[in-house]
Amino acid sequence: MQKQDTSPLWTAFQDVNRRRRAIREFAPAALPDADVRAVLEEAARAPSSGNLQPYQLHWVREPALKARLAEACSGQRAAVSAPTLVIVAASREIALRTASQQLSYVEASSSLPERSKDYHRGQVKMFRRVLELGSWALWTPLAALAALVRPSLALLPIGHLGSRSWAARNASFAAQTLMLAAAARGIDSCPMEGFSAPRICQILGLPRGTVIPVVIALGHRAEKARLEHQWRREWPDLVVEH
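Position 157 (the sequence shown) corresponds to 157 in the UniProt record's numbering; numbering is contiguous.
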């Protein structure tokens, strides 16, 4: 029998992870700015490919703007009732901008040894080259054909769909970190997929090429919020041991 880990850190994580539920009915009370800012700061610590962080987190709490975005989310109860929405927006352009900022940080750093600087220079330049060359239009049909032969190639950030998929995949790490951080702060959340991404981009004035992988509602659960037993698949079906 596996020994149960009762260390404070593990117990705290379990409490936070199990408190995080998809809440679809929120109380109307606004969230303190300090709480939301703290949650967003933790989300910014999520991992990403090459530390390129190819996303932005749009913090929406202004009522009129939030109402328009909730309508773009097909009027979902979570979007309508939550006092705060976070729009996760990702793109290749954000990654390229981050690459330049990261390279400037590496060059100016007085704490990084030269060996580390060489490593980071190489990584940033490699990712930037892939993202720049991968944006060429000819890669879209070539990547699609290559993926038929080797499906794993579809995950590379090349071609129109490849770069969007790569950016969205990295943004999902920040989204999950955000929801766990919210739970640790005593804030409820709900990730939403049923929305009009073009409409959200139009409302927020986001540039062409932006992908919206998820919209997250934040607030405190209403008393009438429905919470059911959290069903999950059985271990043998979920985990394949080798």
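We treat Cβ as the ideally placed atom computed from N, Cα and C, and that holds for glycine.
DSSP three-state assignment for residue i, whether helix, strand or coil
i: residue 141; result: helix
i: residue 221; result: strand
i: residue 22; result: strand
i: residue 149; result: helix
i: residue 187; result: coil
Residue of the options minimising C-alpha distance to residue i
i: residue 56; options: 174, 7 and 114; result: 174
i: residue 228; options: 102, 14 and 24; result: 24
i: residue 87; options: 14, 201, 52 and 64; result: 201
i: residue 226; options: 167, 26 and 120; result: 26
i: residue 89; options: 235, 199 and 117; result: 199
i: residue 220; options: 34, 48, 84 and 71; result: 84
Inter-residue spacing [alpha-carbon to alpha-carbon] between residue i and residue j
i: residue 233; j: residue 213; result: 25 Å
i: residue 69; j: residue 95; result: 25 Å
i: residue 207; j: residue 5; result: 48 Å
i: residue 13; j: residue 176; result: 14 Å
i: residue 16; j: residue 141; result: 44 Å
i: residue 164; j: residue 156; result: 10 Å
Pair within 8 Å by beta-carbon distance, residue i and residue j
i: residue 171; j: residue 63; result: no
i: residue 99; j: residue 128; result: yes
i: residue 178; j: residue 216; result: yes
i: residue 74; j: residue 194; result: yes
i: residue 218; j: residue 182; result: yes
Residue i: CB within 7 Å of a non-hydrogen atom of the ligand SAM
i: residue 149; result: Only the bare structure without any ligand can be found here, which leaves the ligand SAM out of the picture.
Whole alpha helix (DSSP H) elements within the segment 63–131, 4-residue minimum: List check, alpha helix (DSSP H) in window: 63–72, 77–81 and 92–108.
May I have a chain-ordered list of the beta strand (DSSP E) segments no shorter than 3 residues that lie completely inside the segment 24–59? You should have found no qualifying run.
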